[in-house]
């Protein structure tokens, strides 16, 4: 009887955390749509506090996560983890947080949160795009270009946006390179002028 009571308690606690986490995510989504990234980020952080670490046993008892049979275990790609509804929600939250950080031009945090979404799903093309944009803005053009080329190859629906971002980053990179060469040229000319007259 104690085991049954414990299972009911875990189930109830898990369900409460899941529902609260979903509500907080929805609040964040609404705030983002209104342009209030500060409120959106706050709601997303709160949602994560409820969702991260939810007991997988509790999810199974709610029918939200199925245990793998030993035959499935043997054939499953070792890199692929069992993905639950909670994992999908957390992935979306991190991808949305990345969008908020991009709006705020907080490029480092945008890349970090996009990475966390990609840890849940390496084929989240929105997160890939956001990570590339954030890396490009930080001056990591080669890394950004590689990710954008990957998006173009894997997601035809996102190819146009990836191509446009690649073109935008190339313009920025070319301008930075031009400024760098100009400074170097000025530095070298200054060195020639500094030579003593004989």
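Residue numbers (the UniProt record's numbering): 1 to 198.
Every residue, glycine too, gets a C-beta built ideally from N, C-alpha and C.
With three or more C-beta pairs closer than 8 Å as the rule, is the region 150 to 158 touching the region 175 to 187? no
Taking C-beta to C-beta, are residue 118 and residue 103 nearer than 8 Å? In the chain shown, residue 118 corresponds to position 118, counting from 1. In the chain shown, residue 103 corresponds to position 103, counting from 1. Cβ atoms of residue 118 and residue 103: not closer than 8 Å.
Cβ pair count under 8 Å reaching 3, the region 46 to 56 against the region 16 to 23: yes
Roughly how many angstroms separate the alpha carbons of residue 33 and residue 47, rounded to a whole number? What you label residue 33 is simply residue 33 of the chain shown in a count that begins at 1. What you label residue 47 is simply residue 47 of the chain shown in a count that begins at 1. Approximately 17 Å between the Cα atoms of the pair.
C-alpha gap between residue 36 and residue 112, whole angstroms: In the chain shown, the residue the question calls residue 36 occupies position 36. In the chain shown, the residue the question calls residue 112 occupies position 112. Straight-line Cα distance between these residues: approximately 20 Å.
Output the distance between the C-alpha atoms of residue 163 and residue 179, rounded to the nearest integer angstrom. Indexing the chain shown from 1 puts residue 163 at position 163. Indexing the chain shown from 1 puts residue 179 at position 179. Each residue's alpha carbon lies about 25 Å from the other.
Between residue 43 and residue 27, what straight-line distance do the alpha-carbon atoms span, to the nearest angstrom? As a working mapping, residue 43 is identified with position 43 in the chain shown. As a working mapping, residue 27 is identified with position 27 in the chain shown. For residue 43 and residue 27, the distance between alpha carbons rounds to 6 Å.
How close, in whole Å, do the beta carbons of residue 114 and residue 95 come, if the pair is a contact with beta carbons under 8 Å? As a position in the chain shown, residue 114 is number 114, starting the count at 1. As a position in the chain shown, residue 95 is number 95, starting the count at 1. About 7 Å; that satisfies the 8 Å criterion.
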